[in-house]
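Asker: Below you'll find the structure I mean.
In the working numbering, the protein residues as written are 39 to 199.
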């Protein structure tokens, strides 16, 4: 058995970097949403996957900024309900409808359906609800994470990091 001395990928990544990665997935989700065709739910699957992953990354950034260990965050796997619960306990304020939608995404297993079950795609939440959840989570997490993300970029530009 081979033992790896290297840390788990991402275990040393700063919350600001996770936030920036979430932003990229959000932009990708917006672009992918435009490619969907009416009456073809499978054409929304790439958008759904990118949007859900962006939400997961935003919540990860929030939890990491709150001091939760990366290994603990990673242990949540793709459970958006648990991430949202923890983030809400650490002062992330979301509308009730958004918090409920995050739970629904987990209960319905949207992440897995989007990846592996095209026959179930038409049973998932509507695109506009997923877009609204993504935008609200992004906006609320940005209030906490964006200043740090911007300051770290500036520090790197000037060689301080």
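Think of the CB as a built atom: it goes at the ideal place given N, C-alpha and C, for glycine as much as any other residue.
For the structure I just gave you, are there three or more beta carbon pairs, one from the stretch 61 to 74 and one from the stretch 107 to 120, closer than 8 Å?
Answerer: They do not touch, by the three-pair rule.
Asker: Among 61, 51, 68 and 93, which has the Cα closest to the Cα of residue 144?
Answerer: Of the listed residues, the one whose Cα sits closest to residue 144 is 93.
Asker: Are there 16 or more other CB atoms within 10 angstroms of the CB of residue 98, so buried, or fewer, so exposed?
Answerer: By the 10 Å Cβ count, residue 98 comes out buried.
Asker: Find out if the Cβ-Cβ distance for the pair residue 45, residue 183 is shorter than 8 Å.
Answerer: No, the pair does not count as a contact, with Cβ atoms beyond the cut-off.
Asker: Does the distance from the CB of residue 60 to the CB of residue 85 come in under 8 Å?
Answerer: No.
Asker: Are at least three pairs of beta-carbons, each pair with one atom in the stretch 135 to 154 and one in the stretch 165 to 178, less than 8 Å apart?
Answerer: Yes, the stretch 135 to 154 is in contact with the stretch 165 to 178.
Asker: In chain order, what residues of the same chain lie with their CB nearer than 6 Å to the CB of residue 135, ignoring the 5 residues before and after it?
Answerer: Excluding positions up to five away in sequence, the list is empty.
Asker: Leaving out five residues on either side along the sequence, give the residues of the same chain with a beta carbon under 6 Å from the beta carbon of residue 65.
Answerer: Excluding positions up to five away in sequence, the list is empty.
Asker: Please state the DSSP three-state secondary structure of residue 142.
Answerer: Looking at residue 142 - three-state DSSP - the assignment turns out to be helix.
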